[in-house]
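Here the protein sequences line up with chains F and C, keeping their order. Going by UniProt numbering, the first residue of the first sequence is number 1, and it counts up by one from there. Going by UniProt numbering, the first residue of the second sequence is number 1, and it counts up by one from there. Every residue gets a Cβ at the ideal spot worked out from N, C-alpha and C, and that includes glycine. On a predicted model such as this, the values are computed, not experimentally measured, just so you know. Okay, structure first, notes after.
Protein chains: 2
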Amino acid sequence: MNTQMPETFRLHNFFRSSTSTRLRAALNLKGISYEYLGYALRKGETRTPEFLSLNPAGLVPVLERKDGPPLVQSLAIIEWLDETQPGPALLPRDPDGRARVRAISFMIGCEIHPLNNLRVLARLAEQFGADEAAQKEWFTHWVRTTFDPLEIMLASDERTGRFCHGDTPGMADCCLYAQIWNNRRFDVDSAAWPTIARIFAALDDLAAFRDAAPPLQPDAVPA
Amino acid sequence: MNTQMPETFRLHNFFRSSTSTRLRAALNLKGISYEYLGYALRKGETRTPEFLSLNPAGLVPVLERKDGPPLVQSLAIIEWLDETQPGPALLPRDPDGRARVRAISFMIGCEIHPLNNLRVLARLAEQFGADEAAQKEWFTHWVRTTFDPLEIMLASDERTGRFCHGDTPGMADCCLYAQIWNNRRFDVDSAAWPTIARIFAALDDLAAFRDAAPPLQPDAVPA
């Protein structure tokens, strides 16, 4: 129990981290305020003993709370928020809808992001000497590999609405919004995926998402 | 609606695929019988028009059912099974326990498997000329990167029991069991992670897991 916390929740994260962005959007959708702690990943700030005691994996985001162990893994935290916190639902109520929202979330969260995050790009440089151009080629390849079928799935399913699933934003939208921000680091344009681009634009009109965007965070540094 | 199906469920999968193995274990835990269809990934059997109509991403596993669209993404399918099918629960009932089981599942499902599956290793060979030794180095690096902290988390948390979470096997165990089988492809020994090794041995004593193991599947070929 951490009695020093000014808020119920303390978010350990990094402005540019895609998993952090998706969790910030979910917290905002739920209307949950939190204390923001930013970590510079490149400077090893998540490899300190203090941070590793919160998350032995040394990864952001971590959601610390007053009454209970720290929560790790952004998608597990979002599910936990939906199960325990008031506010708009982040997943639909029907099992088929929930399976669809989770499938879209995992397409991004398991098939794109893990291949393209900072430590993977660093490993490519270290093990294979991948320069910026090679890293961009790798990054773009994995975005395309999943966004191509995701576009088909979204465009061909009548359950797609203004957002990924109907007209209420939820977990899948948090993942999609964060991924598009990540894509911008390597200038991956969304024009090839019109449904994805349309949904991103609709999300970017909402304060909950806009306020979660990397450039608006306290630890943001200019690109 | 597919009236040609002899069983309620038809599993499109591949014996050696880790995501297929984890789903087979979950189906077995639930006591669900299913029709088994195996696909040779290296031969492009998941890139046919028929398969892409089931899953535009061209990935296994897909769970086809008589009444409803096909389900994709193994972890989304496991959650759906737990929400809709009778049998033992695959996630605990309390939100904190659910968050922990999901976090362990995602550590394996998002941080290890996506970096080490067949198409990623093929891409390393194609883009960087990675030979078998380099692929093994890459594979082992990502297993260690997550298994080291996972071992700490499992060994230090009193909620760990005979299995990942208490004494009842569930979703996290399905992921762990499948990952250890995957590790064997590159001779990654589990001795460095005694708690993980102990849990795998306990799982391997259960028919639900043993029957899901790659070598026992109809499409298995000798290593």
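Item: Name the DSSP bridge partner or partners of C/R10?; Value: C/E35, C/E64
Item: For chain C, find out if any of its Cβ atoms is closer than 7 Å to the Cβ of F/V72; answer yes or no.; Value: yes
Item: Here's the rule I'm using: 16 or more other beta-carbon atoms within 10 Å means buried, otherwise exposed. How should C/T48 be labelled?; Value: exposed
Item: Taking 8 Å as the threshold, find out whether the region 92 to 108 of chain F comes into contact with the region 120 to 133 of chain C through three or more Cβ pairs.; Value: no
Item: Select from the region 108 to 133 of chain F all residues with a C-beta closer than 9 Å to any C-beta belonging to chain C, and list them in chain order.; Value: G109, C110, E111, I112, H113, P114, L115, R119, V120, R123, L124, Q127, F128, G129, A130
Item: Quick one: which chain F residues come within Cβ less than 8 Å of residue 227 of chain C?; Value: This structure gives no information on residue 227 of chain C, because the portion of chain C shown stretches from 1 to 223.
Item: Using a Cβ-Cβ distance cut-off of 7 Å, determine whether C/W80 contacts chain F.; Value: yes
Item: So with CB distances below 9 Å, who are the chain F contacts of C/R83?; Value: Note that residue 83 of chain C is Glu in the sequence shown here, rather than Arg. The contacting residues are P95, R98, A99.
Item: Please report the Cβ distance between F/R65 and F/F9, rounded to the nearest whole angstrom; I am assuming they are in contact, meaning their Cβ atoms lie under 8 Å.; Value: 6 Å
Item: According to DSSP, simplified to helix, strand and coil, what is F/S18?; Value: helix
Item: Under 7 Å Cβ to Cβ from C/L206, same chain only, skipping five residues before and after it: list those, please.; Value: P169
Item: Rounded to a whole number of angstroms, what is the C-alpha to C-alpha distance between F/A76 and F/F209?; Value: 19 Å
Item: Taking the alpha-carbon positions, what's the F/P88 to F/L27 distance?; Value: 11 Å
Item: Decide if C/L81 is buried, meaning its Cβ has at least 16 other Cβ atoms within 10 Å, or exposed.; Value: buried
Item: Using beta carbons (cut-off 7 Å, strictly below), is C/M5 in contact with chain F?; Value: no
Item: When you compare the CB positions of C/E45 and C/Y36, do they come within less than 7 Å of one another, or not?; Value: no
Item: Considering only residues of the region 47 to 100 of chain C, which uninterrupted alpha helix (DSSP H) runs meet the minimum length of 4 residues and lie entirely inside it, listed in chain order?; Value: 49 to 54, 74 to 84
Item: Please report the straight-line C-alpha distance between C/Q217 and C/F186, rounded to a whole angstrom.; Value: 20 Å
Item: Could you tell me the alpha carbon to alpha carbon distance between C/F51 and C/I180, rounded to whole angstroms?; Value: 28 Å
Item: In angstroms, rounded to a whole number, what distance separates the CA positions of F/L23 and F/S156?; Value: 28 Å
Item: For C/A172, which residues of its own chain have a beta-carbon under 7 Å away from its beta-carbon, when the five flanking residues on both sides are left out?; Value: V101, I104, S105, C164, H165
Item: Under three-state DSSP, which class holds F/T168?; Value: coil
Item: With distances taken Cα to Cα, identify the nearest neighbour of C/V188 among C/Q135, C/L203, C/F15.; Value: C/Q135
Item: Pull up the distance between the alpha-carbon of F/P61 and that of F/F15, whole angstroms please.; Value: 10 Å
Item: Does C/P222 have its Cβ less than 7 Å from a Cβ in chain F?; Value: no
Item: To which residues of the same chain is C/K30 closer than 6 Å at the C-beta, ignoring the five residues directly before and after it?; Value: L81, Q85, G87
Item: Does the separation of the CB atoms of C/C110 and F/P69 fall below 7 Å?; Value: no
Item: Could you give the residue range of the alpha helix (DSSP H) that holds C/T140?; Value: 132 to 156
Item: If you measure between the beta carbons of C/F128 and F/F200, is that distance less than 7 Å?; Value: no
Item: Am I right that C/P149 and F/A57 are in contact with their C-beta atoms under 8 Å? What's the rounded C-beta distance?; Value: 4 Å
Item: Using a Cβ cut-off of 9 Å, which residues of the region 47 to 72 of chain C contact any Cβ in chain F, in chain order?; Value: L52, N55, P56, A57, G58, L59, G68, P69, L71, V72
Item: What does the Cβ neighbour count give for F/Q4, buried or exposed, with the cut at 16 atoms within 10 Å?; Value: exposed
Item: So residue 225 of chain F and C/M107 are supposed to be a Cβ contact under 8 Å. How far apart are they, rounded?; Value: In this structure chain F extends from 1 to 223, so residue 225 of chain F is not present and cannot be described.
Item: Going by DSSP, which residues form a beta bridge with F/T160?; Value: F/G166
Item: Could you name the residues of the same chain whose beta carbon sits closer than 6 Å to that of C/C175, not counting the 5 residues immediately before and after it, in chain order?; Value: R22, S105, I108, G109
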